[in-house]
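A.B. asks: There's a structure below that I have some questions on.
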Amino acid sequence: MRTRDALPSGVCPRGLSRMQAAAYVGVGATTFDKMVAKGTMPKPKKAYGAAARWDIRALDQAFDMLPQCDGGTAAANDDDDWGKALGLP
């Protein structure tokens, strides 16, 4: 049985290949490689004896930190909105 077939339908694996990671964040593989080299996307992890894999949670965090079209970052703006909605100072 292939590893990906071991997961229930609809469950995304935690570790993504380079091509999967690029597609996950919505860019091509070459652009993704440039983003990794620049530090805007995380470097891959390597499980024992396995190919390099990108942690989907690290990809989510890095994507959240990308600048918005207006120049801000989603993380910075979302924190303020959520804090207000929750009644936090």
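Quick note, in our numbering, the sequence shown goes up one by one and the last residue is 1096. By construction, the Cβ of each residue, glycine as well, lies at the ideal position given by its N, Cα and C atoms. Owing to the predicted nature of the structure, the values given are computational and were not obtained by experimental measurement.
Kindly indicate which residue of P1049, W1061, D1077 and L1014 has the alpha-carbon position closest to the one of A1069.
C.D. replies: Working through the sequence shown from its first residue, we reach residue 1069 at position 62. Nearest of P1049, W1061, D1077 and L1014 to A1069, Cα basis: P1049.
A.B. asks: Under 8 Å by Cβ, that's how I've got A1028 and F1039 pegged, so tell me the actual separation to the nearest angstrom.
C.D. replies: The sequence position of residue 1028 within the sequence shown is 21, counting from 1. The sequence position of residue 1039 within the sequence shown is 32, counting from 1. Their Cβ separation, rounded to whole angstroms, is 6 Å, which keeps A1028 and F1039 in contact under 8 Å.
A.B. asks: Could you work out which residue in M1072, V1032 and P1015 is closest to L1023 when comparing CA atoms only?
C.D. replies: As a first step, residue 1023 must be located in the sequence shown, where it is residue number 16. Ranking M1072, V1032 and P1015 by Cα distance to L1023 puts V1032 first.
A.B. asks: Taking the C-alpha atoms as reference points, what is the distance between R1025 and V1034?
C.D. replies: Residue numbering aside, residue 1025 sits at position 18 when the sequence shown is read from its first letter. Residue numbering aside, residue 1034 sits at position 27 when the sequence shown is read from its first letter. Approximately 11 Å between the Cα atoms of the pair.
A.B. asks: Does the beta-carbon distance from K1052 to A1044 come in below 9 Å?
C.D. replies: Reading the sequence shown from its first residue, position 45 is the one you call residue 1052. Reading the sequence shown from its first residue, position 37 is the one you call residue 1044. Their beta carbons are not under 9 Å apart, which means K1052 does not touch A1044 by this criterion.
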